[in-house]
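Residue numbers for the sequence shown follow this note's numbering, so the first one is 5 and each next one is one higher.
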Amino acid sequence: MTHLSNADPALEPPPSLHEPQLSIVDKTAFCPITSYFHHFFDTTKPLVPGLDLCQVPKFVDRDDLKGDCYDYQGIDWEARKTSRSAVREAREEFESDRLPQCLKQVRKHIPPTANTDDFFQFKRISTTPRAFIPHFQLRNIITATSRNDIFFAQGHRVWRTDAEGTEADAIVDLSKHINPDASITTVASHDNVLIAGAFEGEYAITNLASTYGSPFTFGRTSDFATDTKSQIVNHLHLFASRRTYTPQAVLCSNDHRLRVLDCETNTFTHSFLYPAAVNCSATSPNGRMRVVVGDFQETLITNAETGQPFETLNSHTDDAFACAWADDGIHVATAAQDSTIVVWDARYWDKPLTVMKSELSVPRSLHFSPIGSGPRVLVAAEADDYINVINAQTWESKQVFDFFGPVGGVTFTPDGQSLFISNGERRFGGIIELERTGWAEKTGRRKSWDHAVWDDVVTDWVHDDALHDHGGVLPGKMERQRRHVDLSDVVV
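What follows is the structure in structure tokens.
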């Protein structure tokens, strides 16, 4: 295929930020879609415009889509005399051939998970807000407390936007606090607290309930060894303490430490040392246990208050960068650079419930759906192109949402009805919103308008009767019932 192109020999736009850590080579990164289409896609077809000539709209809604011809990233494939599915199929084959041999060996022994579910559907992409991926292994730079409050990191700042793509405003600016060459590496939020971590152990806490322009609380990890080469804050999460009502944050760092921070007093209450860099952690809903993964192949199940491991799980063959603990307190998931996703039952650590492989890229971020949000799922965000929405009822099927570009992170809204994806593609990226589509057939029977009986199956994290009294459930009973009603036969 011959392409019309502009005068830019590099084809790709320059990075939005120029930082030294971008020189770190990610050997598993996918080829940018513009360069791929120009250099590697079918060369036998006639002259067509290159992707660098695309005029990307500020928004693309579901109504703008034209099947295989015009996609949700604003790419007009019809004008390029091809289809999105043809490009996707060829790109998948191209990237499969480029996989390191070690990954090919792991993947060939794990059967694929059927892509047959339908938990979410595309709603909208806003192409103006663009998160910046500071390090290819760290993909948690977006978080949301509602559809009206979406936060993403870009360089020294954390920006706030909403699902409608309102112009972003900075709520955290660390430009006067951190090295000019440094960057915010991870963000997390819960209720009215947002916390961001950076490259040299810095962090900032923001009270989202405070008046606009209120100062944030700044701090730095200070007990690192002088011979430690890196103090990067790799991951953050907030949890409810068993001993205090004040919000608690867990900071996972490259200096081999996991620290617990009281966000109200800006005081570190615990600091635990592990054998290597700590890349991610998740605390159980009751606050008693914590899963810890890092630059070691073992998964550590620890006492959350002492930091001591009481279970060491061996399921990965490479370093792990993602983990999550479900709201039922039972299901624990981990993901590693060997491209595997492993799910455990906290009542029985002898062997995992399931071992899955990613769709193609390395899984970098894991999130269980919030309790009360409907059929339970595990979202596994891969480094490039793919989001897996895994059926957490059977572990036998999933829904794959694919696009072109690196993933900066994913986040649920607290009610679980929206899933936001940060796509870091320089030309076609933005913030994508997926919305819940209702009950999938394989997790439960829809409630009909005339018959108020369905299969007695637990599709959420607890039985429906227990949701009403659960403190973590946001949607009320009537809202949940309306969400599950099949109105297809109703005539208005």
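The beta-carbon is built from N, C-alpha and C at its ideal position, and this holds for glycine as well.
Note that the structure is predicted; figures quoted are calculated from it, not measured.
How is Lys-112 classed by DSSP in three states: helix, strand or coil? coil
Does the Cβ-Cβ distance between Glu-439 and Asn-392 come in under 8 Å? In this structure, the beta-carbon distance from Glu-439 to Asn-392 does not fall below 8 Å.
Could you tell me the distance, in whole angstroms, from the CA atom of Arg-88 to the CA atom of Ala-280? 43 Å
Between Leu-370 and Cys-327, what straight-line distance do the alpha-carbon atoms span, to the nearest angstrom? 6 Å
Between which two residues does the alpha helix (DSSP H) carrying Ile-154 extend? Unbroken run through Ile-154 is the beta strand (DSSP E), 153-158; no alpha helix (DSSP H).
Is Val-359 helix, strand or coil by DSSP? Here Val-359 sits in strand by DSSP.
Where Cys-267 falls: helix, strand or coil (DSSP): coil
Distance, Cα to Cα, Pro-116 vs Val-411? 21 Å
Using a Cβ-Cβ cut-off of 8 Å (strictly less than) and excluding sequence neighbours within five positions of Glu-171, which residues of its own chain qualify? Thr-132 and Thr-165
Assigned exposure category for Thr-271 - 16 Cβ within 10 Å defines buried: The residue is exposed, with fewer than 16 neighbouring Cβ atoms inside 10 Å.
Taking Cβ positions, are His-241 and Ala-286 nearer each other than 8 Å? yes
Measure from the alpha carbon of Phe-222 to the alpha carbon of each residue in Asn-283, Glu-437, Thr-215 and Ser-179, then state which is nearest. Ser-179
Buried or exposed (CB count within 10 angstroms, at least 16 for buried), Gln-341: buried
Give, in chain order, every unbroken run of the beta strand (DSSP E) that is at least 3 residues long and sits entirely within the region 398-422. Runs found: 401-416.
Of all the options Cys-256, Leu-265, Lys-233 and Val-237, which has the alpha carbon lying nearest to the alpha carbon of Thr-248? For Thr-248, the nearest C-alpha among the options comes from Leu-265.
Is it buried or exposed, Ser-130, if we count other Cβ atoms within 10 angstroms and call 16 or more buried? buried
Between which two residues does the beta strand (DSSP E) harbouring Ser-130 extend? 124-130
For Arg-224, the first and last residue of its enclosing alpha helix (DSSP H): Here Arg-224 belongs to no alpha helix (DSSP H); instead the beta strand (DSSP E) covers 221-224.
Excluding sequence positions up to five away, which residues of its chain have a Cβ less than 8 Å from the Cβ of Ile-137? Arg-143, Ile-145, Pro-410, Gly-412 and Gly-428
From the DSSP secondary-structure annotation, give me the bridge partner or partners of Lys-70. BP columns for Lys-70 point to Tyr-74.
Among the candidates Thr-310, Asp-323 and Cys-284, whose CA atom is the shortest distance from the CA of Glu-302? Taking only the C-alpha atoms, the option nearest Glu-302 is Asp-323.
Does the structure place the region 58-65 close enough to the region 100-115 that three or more beta carbon pairs sit under 8 Å? no
DSSP state of Phe-63, grouped into three classes? In this structure, Phe-63 counts as strand in the three-state DSSP scheme.
Let me know if Gly-434 comes out buried or exposed under the rule of 16 or more other beta-carbons within 10 Å of its beta-carbon. buried
Give every residue of the same chain whose Cβ lies closer than 6 Å to the Cβ of Ile-182, excluding the five residues on either side of it in the sequence, and list them in chain order. Counting only Cβ-Cβ distances below 6 Å, and skipping sequence neighbours, we find Ala-202 and Glu-206.
I need the DSSP call for Val-91, collapsed to helix, strand or coil. helix
Does the contact criterion of 3 or more C-beta pairs under 8 Å hold for the region 350-361 versus the region 371-381? no
So, are the CB atoms of Ala-33 and Phe-98 less than 8 Å apart? The Cβ-Cβ distance between Ala-33 and Phe-98 does not fall below 8 Å.
Where Trp-458 sits in the DSSP three-state scheme: Its pLDDT being 44, under 50, Trp-458 is placed unreliably by the model, and the measurement read from it follows with that caveat. Of the three classes helix, strand and coil, the one that applies to Trp-458 here is coil, per DSSP.
Reference Asp-46, options Thr-86, Arg-151 and Ser-343, closest by Cα: Thr-86
His-239 vs Thr-310 beta-carbon contact at 8 Å: no
Pick helix, strand or coil for Ile-37, following the three-state DSSP scheme. helix
Cβ of Thr-306 within 8 Å of Cβ of Met-293? yes
Where Thr-441 and Gly-169 are concerned, what is the direct C-alpha to C-alpha distance, given to the nearest angstrom? 22 Å
Hey, quick one: how far does the beta strand (DSSP E) through Trp-348 stretch, first residue to last? 344-349
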